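> Provided herewith is a single structure, encoded as structure tokens, for subsequent inquiry.
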Amino acid sequence: MKRYDQLRKTADEFGQEHLFQYWESLTDDQRLLLLDDIERIDFKTLASLISEKHTDVAAIDESKIEAPPVYPHEPSESQKELYAQAIATGESMLRAGKVGTMVVAGGQGTRLGFDAPKGTFPISPIKNKTLFQLFAENIQNVNRTFGCKMPWYVMTSSATDAPTRTFFEVHNYFGLDRDDVYFFEQGVMPAVDDAGKIILTEPHRVALSPNGHGGSLLALRDKGVLDDAKRRGVEIISYFQVDNPLVSPADPLFIGLHQHAGSQMSSIAVPKADDLEKVGNFVSIDGKIQIIEYSDLPDSLAHARNPDGSRKLNAGSVAIHLINRTYVEDLTGGTGVSLPWHRARKKVEYYDASASTTVQPDAPNATKFEMFIFDAVPLASQSIILEQLREDCFSPVKNAEGVDSPATSRRDMVRRAAKWLEACGVNVPRDANQEPQATIEISPLRALNAKQLCASLDASQKINPNDEVYLD
Ligand code: UTP
2 MKRYDQLRKT ADEFGQEHLF QYWESLTDDQ RLLLLDDIER IDFKTLASLI SEKHTDVAAI
62 DESKIEAPPV YPHEPSESQK ELYAQAIATG ESMLRAGKVG TMVVAGGQGT RLGFDAPKGT
122 FPISPIKNKT LFQLFAENIQ NVNRTFGCKM PWYVMTSSAT DAPTRTFFEV HNYFGLDRDD
182 VYFFEQGVMP AVDDAGKIIL TEPHRVALSP NGHGGSLLAL RDKGVLDDAK RRGVEIISYF
242 QVDNPLVSPA DPLFIGLHQH AGSQMSSIAV PKADDLEKVG NFVSIDGKIQ IIEYSDLPDS
302 LAHARNPDGS RKLNAGSVAI HLINRTYVED LTGGTGVSLP WHRARKKVEY YDASASTTVQ
362 PDAPNATKFE MFIFDAVPLA SQSIILEQLR EDCFSPVKNA EGVDSPATSR RDMVRRAAKW
422 LEACGVNVPR DANQEPQATI EISPLRALNA KQLCASLDAS QKINPNDEVY LD
């Protein structure tokens, strides 16, 4: 009863007493569920978000926005030495076990419309390997290549936690040592209606949703990940998102450049596909690197050109970062990290007492609040950006169809495999549009790049039109 009194008092204080309106009619089990939900709410933060009607993201002063410095994909003559040294540094950090990796897999994947956690989505073009399996195999290859045991921190949310853990169990961790896979659940934020009242989805359930990928920073601290990383001697956490099968979680060049620059948080960029592409845009403001979401970038800036006609803001974010462990410790120490909150109008199911039922609205009826990981970039004392080719590192599974869908992601996996084979001197048949005329899949256990593939190919490797070729 003590817990009830306490939570009831807090809800009353913050004008959210309606959360208890059905209390008298709830069973004991339902009461417990309701108290558990309410206990997870950060009422104080929510109150400050509700009271500010404007967006929390700082207004953009266009006159200050510059293109940021970017390490190019191919080094210039004067950078060749630096790149070679960086690769050596990155490799030695991997060998020394100073790099861990983290995937954020707590999202709800609403656009894809897949019921299970997105990491369990089958994606590889021939073997139908899931996203989680591809990442696990990638990590195994890294461990084998560098003689390390790179820990893998998997961030889940209430919705994805149990099914994700079960999936790994059932598949025996895809060959990884289970002690090196660490699941941790992110925090939540409630959805509120237009009057600022927290929404109930049932008489005993609150509309809670994950607090955004930026919530990973606090979860790293609260769920013991930072302690685990410290214990293992991990200095850099390589961050990636669960929807991108082309990601390389341990890229020696990226790690080495980050280290040489004394960066606290670094990012991978790709040249934007078009002015209005729906990716974050890297900019520099007063010498600080920052990412502006496509939805917040003024049109005039999105279309701005350099004197030579090239796009002024051409570096798009692919949500791949290196983050120093001590940087996360600093950010989340004391009173905790204060990343800005982003609000979004969404359709959120709600309980309709008059009909005694849960209603799925047809139009957005609520506000959700999320933190974004990239808002930690400008808080770093030093930050760098490395450009990579999109075809090498980025093809996310976001939508069920069209752009960034399973079909485009599979296509891009085949394209990259064909490119690697050609780099090794293998002839890949191509059609009139230069698309590979065979379905090719390279297991991450076999190769993580063209160089590794070439070293293991024998001269008899042939690809014929319409072949299905799986290289394991
Ligand atoms: P997205 O912004 O693409 O969201 O997440 P989503 O939930 O996967 O998909 P939609 O928008 O509902 O269709 C980018 C990455 O951030 C993770 C996702 O799992 C994905 O890896 N993420 C997002 C979290 O881990 N937690 C969150 O609260 C939000």
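Per this note's numbering, the very first residue in the sequence shown carries number 2; after that it's consecutive.
Positions of the beta carbon are idealized from the N, C-alpha and C atoms, including for glycine.
What you are looking at is a predicted structure, and each value in this text was computed from that prediction instead of being measured.
1. Once DSSP output is grouped into helix, strand and coil, what is the label at W421?
2. Taking DSSP as the reference, what is the three-state secondary structure of Q134?
3. Quickly, what does DSSP pair L472 with across the bridge? List them, please.
4. Using a Cβ-based criterion (distance less than 7 Å to any ligand heavy atom), does G108 qualify as near the ligand UTP?
5. Tell me the rounded alpha-carbon separation between G197 and S210.
6. Taking contact to mean at least 3 C-beta pairs separated by less than 8 Å, is the stretch 172 to 187 in contact with the stretch 344 to 363?
7. Counting only runs of 4+ residues fully inside the stretch 348 to 432, write out the alpha helix (DSSP H) ranges in chain order.
8. Is any heavy atom of the ligand UTP found at a distance shorter than 7 Å from the C-beta of S382?
9. Do the stretch 381 to 399 and the stretch 259 to 272 touch if we need at least three Cβ pairs shorter than 8 Å?
10. Work out the CA separation of D275 and V136 for me, nearest whole Å.
11. When the Cα of G120 is compared with those of E25, V243, A12, which residue comes out closest?
12. Excluding the five sequence neighbours on either side, which residues of its own chain have a C-beta within less than 6 Å of the C-beta of K279, listed in chain order?
13. Hey, is V349 close to the ligand UTP, as in C-beta under 7 Å from one of its heavy atoms?
14. Among the residues of its own chain, which have a CB less than 6 Å from the CB of V105, if the five just before and after it don't count?
15. Indicate whether the contact test is met: 3 or more Cβ pairs, each with one atom in the stretch 97 to 104 and one in the stretch 142 to 151, closer than 8 Å.
16. Just to confirm my understanding: we take G114, look at its own chain, exclude 5 residues before and 5 after, and list those with CB closer than 6 Å. What are they?
17. Would you check whether the ligand UTP has a heavy atom nearer than 7 Å to the C-beta of N212?
18. Does the distance from the CB of Y23 to the CB of H205 come in under 8 Å?
19. Considering only DSSP beta bridges, list what S339 is partnered with.
20. For the alpha helix (DSSP H) that K231 lies in, which residues bound it at each end?
21. At a cut-off of 7 Å, is V243 close to the ligand UTP when judged by its beta-carbon and the heavy atoms of the ligand?
22. Is DSSP giving Q242 helix, strand or coil here?
23. I need the boundaries of the alpha helix (DSSP H) containing L302, first residue and last residue.
24. Contact defined as beta carbons within less than 8 Å: I believe H74 pairs with E388. What is the distance between those atoms, to the nearest angstrom?
25. State yes or no: is the C-beta of A316 within less than 8 Å of the C-beta of P69?
26. With 16 as the cutoff for other CB atoms within 10 Å, does N129 come out buried or exposed?
27. Looking only at DSSP bridge pairs, what is L209 linked to?
28. I200 to S355, Cα distance in whole Å?
29. Within 10 Å of its beta-carbon, does S461 have 16 or more other beta-carbons around it, so buried, or fewer, so exposed?
30. With DSSP as the reference, label G216 as helix, strand or coil.
Working from what's here:
1. Counted from its first residue, the sequence shown places residue 421 at position 420. Helix, per DSSP.
2. For the purposes of this step, residue 134 is taken as the residue at position 133 of the sequence shown. Secondary structure at Q134: helix, using DSSP grouped into helix, strand and coil.
3. Counted from its first residue, the sequence shown places residue 472 at position 471. In the DSSP output, where bridge partners are listed per residue, L472 has I443.
4. Here residue 108 refers to the residue found at position 107 when the sequence shown is read from its first residue. Because some heavy atom of the ligand UTP lies under 7 Å away, the Cβ of G108 counts as near it: yes.
5. Here residue 197 refers to the residue found at position 196 of the sequence shown. Here residue 210 refers to the residue found at position 209 of the sequence shown. Counting only the Cα atoms, S210 lies some 16 Å from G197.
6. Between the stretch 172 to 187 and the stretch 344 to 363, the count of Cβ pairs shorter than 8 Å is below three; the stretches do not touch.
7. List check, alpha helix (DSSP H) in window: 391 to 394, 407 to 424.
8. The residue you call residue 382 lines up with position 381 of the sequence shown. Incorrect: S382 has no Cβ contact closer than 7 Å to the ligand UTP.
9. Yes, the stretch 381 to 399 is in contact with the stretch 259 to 272.
10. Translated into the one-based positions of the sequence shown, residue 136 becomes position 135. Translated into the one-based positions of the sequence shown, residue 275 becomes position 274. Looking at the sequence provided, one finds Phe at residue 136 rather than Val. The alpha-carbon atoms of F136 and D275 are separated by roughly 29 Å.
11. Counting from 1 along the sequence shown, the entry for residue 120 is found at position 119. Looking at the Cα atoms, V243 is the closest of the given residues.
12. Position 278 of the sequence shown, counted from the first residue, corresponds to residue 279. Apart from the 5 residues on each side of it in sequence, K279 sits with its Cβ closer than 6 Å to the Cβ of Y295 in its chain, given in chain order.
13. Position 348 of the sequence shown holds residue 349. For V349, the CB stays at least 7 Å from every heavy atom of the ligand UTP.
14. Walking along the sequence shown from the start, residue 105 turns up at place 104. For V105, where only same-chain residues beyond five positions count, the Cβ hits under 6 Å are M156, H214, S217, Q242.
15. Judged by Cβ distances under 8 Å, the stretch 97 to 104 makes contact with the stretch 142 to 151, as three or more pairs qualify.
16. Taking the sequence shown and counting its residues from 1, one reaches residue 114 at position 113. Spatial neighbours of G114 in its own chain (CB-CB distance under 6 Å, excluding positions within 5 residues in sequence) are listed in chain order as A401.
17. Here residue 212 refers to the residue found at position 211 when the sequence shown is read from its first residue. Yes - the ligand UTP has a heavy atom lying nearer than 7 Å to the Cβ of N212.
18. The residue you call residue 23 lines up with position 22 of the sequence shown. The residue you call residue 205 lines up with position 204 of the sequence shown. Contact annotation: Y23 and H205 have beta-carbon atoms nearer than 8 Å.
19. Numbered from its first residue, the sequence shown carries residue 339 at position 338. DSSP lists no partner for S339.
20. Along the sequence shown, one-based indexing puts residue 231 at 230. Segment 226 to 233, the alpha helix (DSSP H) holding K231.
21. Translated into positions along the sequence shown, residue 243 becomes position 242. The answer is yes for V243.
22. For the purposes of this step, residue 242 is identified with residue 241 of the sequence shown, where counting begins at 1. In the three-state reduction of the DSSP assignment, Q242 falls in the strand class.
23. As a working note, residue 302 is residue 301 in the sequence shown. Counting along the chain, the alpha helix (DSSP H) containing L302 begins and ends at 300 to 303.
24. Here the question's residue 74 lines up with position 73 in the sequence shown. Here the question's residue 388 lines up with position 387 in the sequence shown. About 5 Å separates the two Cβ atoms, so the contact holds.
25. For this step, residue 316 is matched to residue 315 along the sequence shown. For this step, residue 69 is matched to residue 68 along the sequence shown. Cβ distance < 8 Å, so A316 and P69 count as in contact.
26. Taking the first residue of the sequence shown as position 1, residue 129 is located at position 128. N129 counts as exposed, since fewer than 16 other C-beta atoms from the protein chains shown sit within 10 angstroms of its C-beta.
27. If you number the sequence shown from 1, residue 209 lands on position 208. Answer is P191.
28. By 1-based counting over the sequence shown, the position of residue 200 is 199. By 1-based counting over the sequence shown, the position of residue 355 is 354. If I take the Cα positions, the gap works out to 15 Å.
29. What you label residue 461 is simply residue 460 of the sequence shown in a count that begins at 1. Around the CB of S461, fewer than 16 other CB atoms lie within 10 Å, so the residue is classed as exposed.
30. In the sequence shown, counting from the first residue as 1, residue 216 sits at position 215. The answer is helix: DSSP assigns G216 an H, G or I state.
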